[in-house]
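FYI, in the numbering used here the residues of the sequence shown are 308 to 715.
Glycine included, each C-beta is placed from N, C-alpha and C at the ideal position.
Just so it is clear, the structure is predicted and the values come from calculations on it, not from any experiment.
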Amino acid sequence: MDKNKIQKNFLIKILCFITAFGVWLYIYNVENPTRSYKLTGVPVEIVNSETIESSKLTVLPKQDLTVTLTLEGPASEVYRAKAEQFKIVVDLSTYAVKKGSNLIPVEITQYPTNINIKKNESLRVNVEIDEYIEKSVPVKLEVDVTTKNSYYPFEKAVKPDNALVSGAATYVNSVNWVLAKGSVSDADEDVSLNLPLKTVDETMKEVKDVKINPTSVDVLIPVRKSKNVTIKVPTKGANNKNIIIKTIEPNPSSVDLIGETKNVGNIEYIETEALDLSTITGNNTVTLKLALPKDTKPVNGKDTVSVKVTVETINQNSISVPVTMTGLLAGLKAETESKNVSVALKGTDSILSNIKDGDITASIDLTNLVEGEHSISPKVNIKEGMTIQSISPEKIKVTITKPVKPQE
C-alpha cells in the first residue's frame with residue numbers, strides 16, 4: 308500500500324516538472340519576454356589616430372580598451388550576444404586630446420538589430436596619449452661574411468646610412484640604432500644585399516611599436532683577392548759615428564694586401580716610410596707607416612709595422628804587430644830600428660774583441676833597396692770591419708848592409 312503511494316507521488320513530481328519545463332519553453336520561445344544583460348570585455352577600437360600627429364601627439368601602443376554594455380532585448384537574443392557582434396570605436400578626429408590620460412566617449416557603430424544598448428551615451432574609455440616625435444638614427448650593420456680561400460672582404464657600404472624613426476616619444480627615445488643583419492658564405496666576388504631594418508636600444512634589444520623609414524637598406528660588400536708581398540725599409544740620414552747599423556728587420560716581414568686585382572697583381576713588395584738613421588742611438592724598435600699603393604689595404608687592417616733595429620758600438624783599440632820584411636836583395640842584410648808597430652784600430656766590439664793571430668799583419672817592402680839607411684812606411688793589412696786610425700811609428704828606419712866574409 309505504502310509502495311503504491313510512493314510510486315504515485317514520484318509520477319506526480321515527474322509530471323509537474325515536465326509541465327513546468329513546457330511552460331518555460333513556451334514563455335522563452337513564444338512569449339520571449341524582454342530581458343537586460345551585462346556583456347563585459349567588449350573591445351574598443353581607436354580610429355583616425357593619425358589625425359593627432361599634426362599636433363605632435365600619438366596614441367601610446369599596447370592599450371587594451373574595453374567597455375561593459377548593458378543589453379536589453381528578447382531573452383533569446385541578449386543571452387546569446389557575443390562581444391564580436393559589436394563594433395565600438397573611439398574617433399580621435401572629433402575630440403581634442405592632450406598628452407597623458409584622456410577620457411573619451413565611444414561610438415557604437417555595429418550591433419545586433421533586435422538588441423538595445425542602454426545608456427550608451429555615457430560609455431567612455433581612458434586613452435593614453437604621448438608626444439609624437441621623429442628622429443634620425445644610424446644604421447648598424449651585423450653582416451657575417453665568409454669568403455673562399457685567399458679572398459677577403461673590403462669595408463661594407465650601406466645606403467642609406469641613417470633611417471627616420473617615428474612614433475610615441477616613450478618608445479622612439481629608447482632607440483639607438485636601426486639594425487641590418489645578415490650573412491654571406493663562400494664569397495669570391497662583390498656581394499649585394501637588401502636587408503630589413505629593425506630598431507634596437509643600447510643593449511641591442513628590439514624596440515617595437517615604432518615606424519621606420521625606409522624599412523630596408525642596400526649593403527655592398529666588395530670582395531677582393533689577396534697577395535702576400537714583402538716589406539722593405541728604406542733609410543735616410545747618416546747613422547751616428549759611434550755605432551754601425553747591424554740589422555733592420557720589419558715585423559712582420561710580409562703582409563697580405565687586398566685591392567683591385569689589376570693593382571695588386573703587379574706589386575712585388577711595399578716600402579715603409581724612410582727610417583731616419585740619425586735618430587738611432589742604440590738597439591731600438593720603431594713603428595713605421597706602410598706606404599700602401601693606391602686602392603689597396605692590408606688584410607689585417609693595420610697600416611703600420613714594427614721595425615727592429617740592432618746596432619753595434621764602435622770603439623778603438625791599439626795592438627802591437629810584428630813587422631816582417633819583404634823584397635830584400637840577395638846577399639844583403641837588413642836591420643830594423645823597430646821590430647813592432649802599434650796599430651790603433653777602430654771597429655765594433657764584436658770584431659775588436661775577437662782578433663786572432665794573422666788577422667792583422669805589418670810589413671815593409673825592401674825591393675830594390677841597396678846598402679845604407681832607409682826610412683820606410685810600414686804596410687798594415689787588417690780584418691774586414693775595422694779601420695786604421697794610426698800607425699806608430701809612421702816610418703821604420705832600416706839599415707841594409709852587405710855581410711863581411713870572414714878571412715881565411
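Inter-residue Cα distance where the pair is M693 and P700: About 20 Å.
Environment of T365 [buried if 16+ CB atoms lie within 10 Å]: buried
Where N570 sits in the DSSP three-state scheme: helix
Cβ-based burial, T506 [other Cβ within 10 Å; buried from 16]: Buried.
Pairwise C-alpha distance: N483 and K389: Going by C-alpha positions, K389 is about 44 Å away from N483.
Under 8 Å between C-beta atoms of Y576 and R531: no
Backbone CA spacing between K712 and P629 [nearest angstrom]: Taking the straight line joining both Cα atoms gives about 30 Å.
Inter-residue spacing [alpha-carbon to alpha-carbon] between L430 and T401: 16 Å
Three-state secondary structure assigned by DSSP to V507: strand
Chain-order list of residues whose beta-carbon lies under 8 Å from that of T358 (same chain, five-residue window excluded): L399 and S400
Burial state of A637, where buried means 16 or more other Cβ atoms lie within 10 Å: exposed
Distance between T542 and V448 (C-alpha atoms, nearest Å): One point to set straight first is that residue 448 is Leu, not Val, in the sequence displayed. When rounded, the separation of the alpha-carbon atoms in L448 and T542 is 42 Å.
Proximity to K604 [Cα-Cα], best of S473, T620 and N535: N535
Cβ-based burial, T579 [other Cβ within 10 Å; buried from 16]: buried
Proximity of T655 and N549 at Cβ, strictly below 8 Å: no
Inter-residue spacing [alpha-carbon to alpha-carbon] between E680 and I707: Across the structure, E680 and I707 are spaced so that their CA atoms are roughly 6 Å apart.
Secondary structure of I321, DSSP reduced to three states: Helix at I321.
Euclidean distance between Cα positions of Y439 and V479: Near 9 Å, if we compare the C-alpha coordinates of V479 and Y439.
A581 classed as buried or exposed, judged by whether at least 16 other C-beta atoms fall within 10 angstroms: Exposed is the call here.
For P445: DSSP bridge partner residues: N469
Segment contact, 8 Å Cβ cut-off, at least three pairs: the segment 514 to 521 with the segment 459 to 470: A contact exists between the segment 514 to 521 and the segment 459 to 470.
Contact set for V705: own chain, Cβ-Cβ below 6 Å, skip 5 residues either direction: A641, T643, H681 and I683
Ordered list of beta strand (DSSP E) runs contained in the segment 520 to 601, each at least 3 residues: 523 to 528, 530 to 539, 550 to 558, 561 to 566, 576 to 578 and 591 to 596
Check whether L500 and G489 have beta carbons under 8 Å apart: yes
Coil, strand or helix - L269 by DSSP: Since the displayed the chain opens at 308 and closes at 715, residue 269 lies outside it and no answer follows.
Spatial distance of I689 from L599 (CA atoms): Each residue's Cα considered, the two are about 44 Å apart.
Buried/exposed call for P710, threshold 16 Cβ in 10 Å: exposed
Residue burial classification, I555 (beta-carbon count within 10 angstroms, cutoff 16): buried
Per-residue burial, K475 [other beta carbons within 10 Å of its own, 16 or more giving buried]: First, the residue type needs correcting, since residue 475 is Ala and not Lys in the sequence shown. Classification of A475: buried, given that the 10 Å Cβ count is 16 or more.
Anticipated Cβ contact below 8 Å, L652 with I626, distance rounded: Contact between L652 and I626 is confirmed by a C-beta separation of about 7 Å, below the 8 Å threshold.
Exposure of P557, with buried meaning 16 or more beta-carbon neighbours within 10 Å: buried
For D672, the residue or residues it bridges with in DSSP: T633
Close-in-space but distant-in-sequence residues of the same chain around D437 (CB under 8 Å, 5 per side omitted): So the list reads L364, T365, V366, L367, K406, A475, A476 and T477, once near-sequence residues are dropped.
Beta strand (DSSP E) segments (min. 3 residues) lying fully within the segment 353 to 406: 364 to 366, 373 to 381 and 394 to 398
8 Å Cβ cutoff met for V434 and I411: yes
Which of helix, strand or coil DSSP assigns to E462: coil
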